[in-house]
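Per this note's numbering, the very first residue in the sequence shown carries number 1; after that it's consecutive. Glycine included, C-beta positions come from ideal geometry on N, C-alpha and C. Being a predicted model, the structure only gives us computed values, none of them experimental. Below you'll find the structure, written out as structure tokens, and then a few comments.
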Amino acid sequence: MSRLAILGASGHGKVVADAAECCGWQVVDFFDDAWPQLGSNGAWQVVGDTAMLKSMLEAYDGVVVAIGNNVIRYSKLLELEAAGANLCNVLHPAATISRRAVLGKGVVAFAGVVVNADAHVGLGAILNTGCSVDHDCVLGAGVHVSPGARLAGGVKVGDLSWIGIGSSVRQLVCIGCEVTVGAGAVVVSDVASCLTVVGIPARPLSDRSAG
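Here it is as structure tokens:
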């Protein structure tokens, strides 16, 4: 019987669990640091916290972190990997992933996702419902591509960046680390690290590194 542990009992976690069951995982257990006050996540039980999961890793065939915050998710992934967790990917059967794409550990991809040839997706990235990552894109660790977002060919996205719902990024654009691209934005030129960009065309809203 295949057993999957998911760290992070949130709405995002529910979608990960549902995708995992579609992939054939027979037992899905949640862990969350709000346990024991938090005992369930929809149809699934919360059975412990991070410390308990680390003590029970041998009981699970795979572990995935389902935390929407990029920084926290990446930190938890590194913590679990150092503890010996078998970090796995959860790729919904209705996602289309090129056999020539390269995925790091701990990636989740939901229904309607398309990842094309020679794309590289880093550790713990979220490819959310219906997004597309075209040929030769490079996504760093902890990136989140939100529902319906579109990355054209050759786009580079730095570690821990968030590409907002329904946004679009022109081919060959480079987006730095810890960037937030606002919902519906159209990115047509490179974006430096630690910026938030919004609008059509996307322009900086704030520079978080300046404070």
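Cβ-based burial, residue i [other Cβ within 10 Å; buried from 16]
i, result
"I175", "buried"
"A82", "exposed"
"G13", "buried"
"D207", "Because D207 carries a pLDDT of 49, less than 50, the predicted location of this residue cannot be relied on, and no value is offered for it."
"V15", "buried"
"V188", "exposed"
"D134", "buried"
"E58", "exposed"
"V213", "Since the displayed the chain opens at 1 and closes at 211, residue 213 lies outside it and no answer follows."
"S168", "buried"
"D159", "buried"
"A51", "exposed"
"L77", "buried"
"I6", "buried"
"G8", "buried"
Simplified DSSP state of residue i, which is helix, strand or coil
i, result
"S168", "strand"
"C22", "helix"
"T129", "coil"
"N70", "helix"
"K156", "strand"
"A210", "In this prediction, A210 has a pLDDT of 45, which is less than 50 and means its spatial position is unreliable; what the coordinates show is noted afterwards. If DSSP states are grouped into helix, strand and coil, A210 belongs with the helices."
"L123", "coil"
"A109", "strand"
"H135", "coil"
"V191", "strand"
"H12", "helix"
"A17", "helix"
"A185", "coil"
"A141", "coil"
"A5", "strand"
Backbone CA spacing between residue i and residue j [nearest angstrom]
i, j, result
"A210", "S2", "Because A210 sits at a pLDDT of 45, beneath the cut-off of 50, its placement in the model cannot be relied upon, and the following sentence gives the value as read from the coordinates. So the two alpha carbons sit approximately 48 Å from each other."
"V65", "G124", "8 Å"
"D33", "K105", "22 Å"
"R99", "D118", "9 Å"
"E79", "A141", "14 Å"
"Y74", "G164", "18 Å"
"C257", "L91", "Not covered by the structure: residue 257. The range shown for the chain is 1 to 211."
"R203", "L195", "9 Å"
"S161", "V143", "5 Å"
"G182", "C131", "15 Å"
"V138", "G122", "8 Å"
| message | Whether or not the stretch 85-96 and the stretch 113-120 are in contact is what I'm after, with contact meaning three or more pairs of Cβ atoms, one per stretch, closer than 8 Å; do they touch? | response | Touching, yes.
| field | Every unbroken alpha helix (DSSP H) within the stretch 32-63, with a cutoff of 4 residues, ordered by chain | value | With a minimum length of 4 residues, the continuous alpha helix (DSSP H) runs that stay inside the stretch 32-63 are 50-55.
| Are the stretch 29-43 and the stretch 145-159 touching, with three or more C-beta to C-beta distances below 8 Å? | No, the stretch 29-43 does not touch the stretch 145-159.
| Below 8 Å, can you find three or more Cβ-Cβ pairs linking the stretch 66-74 to the stretch 121-138? | Contact holds: three or more Cβ-Cβ distances are below 8 Å.
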